[in-house]
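Engineer: Below: one structure in structure tokens.
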Amino acid sequence: MSEQAPREILVTGGGRGIGRAIALRFAEAGARVFVNFFVNHAAAEKTARDVELRGGTAHLLQADLKEPAEIKRLVAEVERRAGRLDVLVSNAASGVLRDGLELSPKQWDWVLATNARALLILAQDAARLMTPGGRIIALSSLGSQRVIPGYTAVGVSKAALETLTRYLAVELAAKGITVNTVSAGAVETDVWQMMPEGTAALAAIRARTPGGALVTPEAVADVVFFLASPAAQAIQGQVLTVDGGYSLLA
Amino acid sequence: MEPDTAKIWTRPEVRASVGKLIVESLGVDEADVTADATLIRDLGAESIDFLDLSYQCQQTFAVELPMRAIQERRIEWRDLSGLARVLEARYRIAVPAEELRMVAPATIGAVLEHLAAKHGVPRTAGDAHEVLSALVVRMLADLARAPLDLADLTVDRFAGYLEKNLHSPDAVEVIMNRLTVRAVTEYIVGQLTAAGRLAPGT
Chain A
336 MSEQAPREIL VTGGGRGIGR AIALRFAEAG ARVFVNFFVN HAAAEKTARD VELRGGTAHL
396 LQADLKEPAE IKRLVAEVER RAGRLDVLVS NAASGVLRDG LELSPKQWDW VLATNARALL
456 ILAQDAARLM TPGGRIIALS SLGSQRVIPG YTAVGVSKAA LETLTRYLAV ELAAKGITVN
516 TVSAGAVETD VWQMMPEGTA ALAAIRARTP GGALVTPEAV ADVVFFLASP AAQAIQGQVL
576 TVDGGYSLLA
Chain B
18 MEPDTAKIWT RPEVRASVGK LIVESLGVDE ADVTADATLI RDLGAESIDF LDLSYQCQQT
78 FAVELPMRAI QERRIEWRDL SGLARVLEAR YRIAVPAEEL RMVAPATIGA VLEHLAAKHG
138 VPRTAGDAHE VLSALVVRML ADLARAPLDL ADLTVDRFAG YLEKNLHSPD AVEVIMNRLT
198 VRAVTEYIVG QLTAAGRLAP GT
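Protein chains in written order, with the working numbering: chain A, 336 to 585; chain B, 18 to 219.
Here you go:
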């Protein structure tokens, strides 16, 4: 497929934050974007409107990604409308801020299912709809490698997702599909407002980042867009860190 | 994935469906889901349960539970940005919430003393009570349309929780304990009525 042709994109958790920025980035290139969301209908509708304003086409698809049956319905809906899928962006994530010693089995299962297993089921279904040049791109965070207080479940889920990226990459390479993950540093989204002292934590991260600026959702979206381009065909099974150099410092 | 927006509900159907959704989302026994049961204290609901419940309510009734709005209000109380707005309306002075959070102890009296010392805002008799009441009126107004059973919560009673500590966890708890099975049911009934999707006389 040529770089200019409109592409069929599915962005999970595409209503807000990084997912929204990714949806809009592809919209600028004229793509049809399937915007998946969980409960925040208003935010997803706004993203869909903005996708259209940027020159793309938007479809909203509500689904609970911790349920495999819902993922299957989600991808089936993409297939029904588009007949194929060019790029899957597995961005949706849910978290429970709690230390490992306090995590309940239910919380663990919820986070792992939403953040890690969803990529597996999505990739299994999405790969069927992809032709050579297809792209699967997941979103991770530094908590997969480093210890962040209260981040146990999410960190483990992201580590699983990064490992899954490598396995899927090898399995799907023969089909000409690449699988990669973008690991974003602290990105200023409304998630931080929900955390105790979230604003102060962001300020501390900004101060520690070599360039003195936080990574923006748009910067992450640009990297995802690049990985989805033909130019990135040789990048396979990698975790690309996009954190402004934050994690370089001891 | 698409809720049935054409269905006309009866009140008993709504009640039964809400009970079922709560049993499924929270993993509790049906017998425990009484009208007066509070979702958090009695049924052990936590943040992920509310996400589940919100999703199931959208799928079942095409009605959104404004759980996020409640969470945002809680943050406003905790970080004192709600108080900052009350002070701005009363004294026409914009003091950042960060500055208010630095005041110790975290009482309304200490905050007003700080405003007097640093910003020259004059103290008047009864000002602490008036500011606190204005803050509570604002809080309760913010929550008036949420699925909370606030009927018997007076301004004075709520103000009592904040008198000794503006960040009082008791104040948040008293609100969250008004999140009852009945309140959720009535909220959905209200939304369905507004949308013309509740059978009259049921």
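Every residue gets a Cβ at the ideal spot worked out from N, C-alpha and C, and that includes glycine.
When every heavy atom of the ligand GTP is checked, does at least one fall within less than 6 Å of the C-beta of Met193 (chain B)?
Structural biologist: The ligand GTP is not among the ligands present in this structure, which contains no ligands whatsoever.
Engineer: Spell out the partners DSSP gives Arg470 (chain A) in its beta bridges.
Structural biologist: As a working mapping, residue 470 (chain A) is identified with position 135 in the first sequence. Its beta-bridge partners are A:Val422, A:Thr513.
Engineer: Strictly by DSSP, which residues pair up with Gln344 (chain A)?
Structural biologist: Start at 1 with the first residue of the first sequence, and residue 344 (chain A) comes out as number 9. Contrary to the premise, residue 344 (chain A) reads as Ile rather than Gln in this sequence. The partner list for Ile344 (chain A) (beta bridge, DSSP) reads A:Val368, A:Val422.
Engineer: Candidates B:Val128, B:Val206, B:Val50: which alpha carbon is nearest His184 (chain B)'s?
Structural biologist: Counting from one through the second sequence, the residue named residue 184 (chain B) turns up at place 167. For His184 (chain B), the nearest C-alpha among the options comes from B:Val128.
Engineer: If the cut-off is 9 Å on Cβ atoms, which residues from the segment 361-378 of chain A count as contacting chain B, listed in chain order?
Structural biologist: Those residues of the segment 361-378 of chain A that come within reach of chain B (Cβ to Cβ, closer than 9 Å) are Phe373, Val374, Asn375, His376, Ala377.
Engineer: Taking a contact to mean a Cβ-Cβ separation below 7 Å, would you say Ala427 (chain A) touches Gly391 (chain A) in this structure?
Structural biologist: Counting from one through the first sequence, the residue named residue 427 (chain A) turns up at place 92. Counting from one through the first sequence, the residue named residue 391 (chain A) turns up at place 56. Contact flag unset, no.
Engineer: Just the chain B side, please: which residues come within less than 9 Å of Ser425 (chain A) by C-beta, in chain order?
Structural biologist: As a position in the first sequence, residue 425 (chain A) is number 90, starting the count at 1. Under the 9 Å cutoff, chain B gives no residues; its nearest Cβ is about 18 Å from Ser425 (chain A).
Engineer: Can you tell me the Cβ-Cβ gap for Arg31 (chain B) and Val206 (chain B), rounded? I've got them flagged as a contact below 8 Å.
Structural biologist: Here residue 31 (chain B) is taken as the residue at index 14 of the second sequence, counted from 1. Here residue 206 (chain B) is taken as the residue at index 189 of the second sequence, counted from 1. Just to set this straight, residue 31 (chain B) is Val in the shown sequence, not Arg. Right, their Cβ atoms sit about 6 Å apart.
Engineer: Helix, strand or coil: which one does DSSP assign to Val11 (chain B)?
Structural biologist: The requested residue 11 (chain B) does not occur in the structure, where chain B is confined to residues 18 to 219.
Engineer: Determine which residues of the segment 435-450 of chain A have a Cβ less than 7 Å from any Cβ of chain B, and write them out in chain order.
Structural biologist: Taking 7 Å as the Cβ-Cβ cut-off against chain B, the residues of the segment 435-450 of chain A that qualify are Gln442, Trp445.
Engineer: DSSP state of Met336 (chain A), grouped into three classes?
Structural biologist: Here residue 336 (chain A) is taken as the residue at index 1 of the first sequence, counted from 1. Unreliable placement is indicated for Met336 (chain A), whose pLDDT of 46 sits below 50; the coordinate value is still reported in the next sentence. Of the three classes helix, strand and coil, the one that applies to Met336 (chain A) here is coil, per DSSP.
Engineer: DSSP three-state label for Val577 (chain A), please.
Structural biologist: What you label residue 577 (chain A) is simply residue 242 of the first sequence in a count that begins at 1. Of the three classes helix, strand and coil, the one that applies to Val577 (chain A) here is strand, per DSSP.
Engineer: Of all Cβ atoms in chain A, is any one closer than 7 Å to the Cβ of Ser185 (chain B)?
Structural biologist: Residue numbering aside, residue 185 (chain B) sits at position 168 when the second sequence is read from its first letter. It does not: the Cβ of Ser185 (chain B) has no partner Cβ on chain A nearer than 7 Å.
Engineer: Within 10 Å of its beta-carbon, does Thr171 (chain B) have 16 or more other beta-carbons around it, so buried, or fewer, so exposed?
Structural biologist: Here residue 171 (chain B) is taken as the residue at index 154 of the second sequence, counted from 1. The residue in question, Thr171 (chain B), is exposed, as its Cβ has fewer than 16 Cβ neighbours within 10 Å.
Engineer: Does the Cβ of Pro217 (chain B) have 16 or more other Cβ atoms within 10 Å, making it buried, or fewer, making it exposed?
Structural biologist: By one-based count along the second sequence, residue 217 (chain B) stands at place 200. Label assigned to Pro217 (chain B): exposed.
Engineer: Less than 7 Å between the beta carbons of Glu343 (chain A) and Arg360 (chain A), yes or no?
Structural biologist: For the purposes of this step, residue 343 (chain A) is taken as residue 8 along the first sequence, with counting starting at 1. For the purposes of this step, residue 360 (chain A) is taken as residue 25 along the first sequence, with counting starting at 1. No; because the gap between Cβ atoms is not below 7 Å, this pair is not in contact.
Engineer: Excluding the 5 residues flanking Arg91 (chain B) on each side, which residues of the same chain have their C-beta closer than 7 Å to its C-beta?
Structural biologist: Your numbering for residue 91 (chain B) matches position 74 in the second sequence. Val189.
Engineer: Would Asp399 (chain A) pass as an interface residue toward chain B - the criterion being a Cβ-Cβ separation below 7 Å?
Structural biologist: Within the first sequence, residue 399 (chain A) is the residue found at index 64, counting from 1. Yes, because at least one Cβ of chain B sits closer than 7 Å to the Cβ of Asp399 (chain A).
Engineer: Rounded C-beta distance between Val370 (chain A) and Leu396 (chain A)? I'm assuming under 8 Å.
Structural biologist: Here residue 370 (chain A) corresponds to residue number 35 of the first sequence, with the count starting at 1. Here residue 396 (chain A) corresponds to residue number 61 of the first sequence, with the count starting at 1. About 7 Å separates the two Cβ atoms, so the contact holds.
Engineer: Quick one: any contact between the segment 418-437 of chain A and the segment 345-358 of chain A, if contact means 3 or more CB pairs under 8 Å?
Structural biologist: In short, these stretches touch, since the Cβ pair count reaches three.
Engineer: Taking the DSSP output, what are the residues bridged to Tyr486 (chain A)?
Structural biologist: The count along the first sequence starts at 1 and reaches residue 486 (chain A) at position 151. Answer is A:Arg433.
Engineer: How long is the line joining the alpha carbons of Met336 (chain A) and Asp525 (chain A), rounded to whole angstroms?
Structural biologist: Residue 336 (chain A) sits at position 1 when you count from the first residue of the first sequence. Residue 525 (chain A) sits at position 190 when you count from the first residue of the first sequence. Only weak support exists for where Met336 (chain A) lies, its pLDDT of 46 falling under 50; the value from the coordinates is given anyway. Roughly 36 Å separates the two Cα atoms.
Engineer: In chain D, what lies closer than 9 Å to Ile87 (chain B) by C-beta?
Structural biologist: Among the protein chains in the structure shown, which are A and B, there is no chain D.
Engineer: Listed from N- to C-terminal order along the chain, which residues in the segment 80-107 of chain B have their beta-carbon within a distance smaller than 9 Å of any beta-carbon of chain A?
Structural biologist: Cβ contacts with chain A: Glu81, Leu82, Met84, Arg85, Gln88, Glu89, Ile92, Arg95, Asp96.
Engineer: Mind listing which residues of the segment 478-511 of chain A have their C-beta closer than 7 Å to chain B's C-betas, in chain order?
Structural biologist: Here the close residues number zero.
Engineer: Select from B:Arg102, B:Gly126, B:Pro122, B:Ile65 the residue whose C-alpha is nearest the C-alpha of Arg155 (chain B).
Structural biologist: Taking the first residue of the second sequence as 1, we reach residue 155 (chain B) at position 138. Nearest option by C-alpha distance: B:Arg102.
Engineer: Under 7 Å Cβ to Cβ from Asn375 (chain A), same chain only, skipping five residues before and after it: list those, please.
Structural biologist: Looking up residue 375 (chain A) in the first sequence gives position 40. Excluding positions up to five away in sequence, the list reads Gly350, Arg351.
Engineer: In chain order, which continuous runs of the alpha helix (DSSP H) of length 4 or greater are located wholly inside the segment 524-559 of chain A?
Structural biologist: Qualifying alpha helix (DSSP H) stretches, in chain order: 533-543.
Engineer: For the beta strand (DSSP E) containing Leu395 (chain A), list its first residue and its last residue.
Structural biologist: Indexing the first sequence from 1 puts residue 395 (chain A) at position 60. First-last of the beta strand (DSSP E) with Leu395 (chain A): 392-397.
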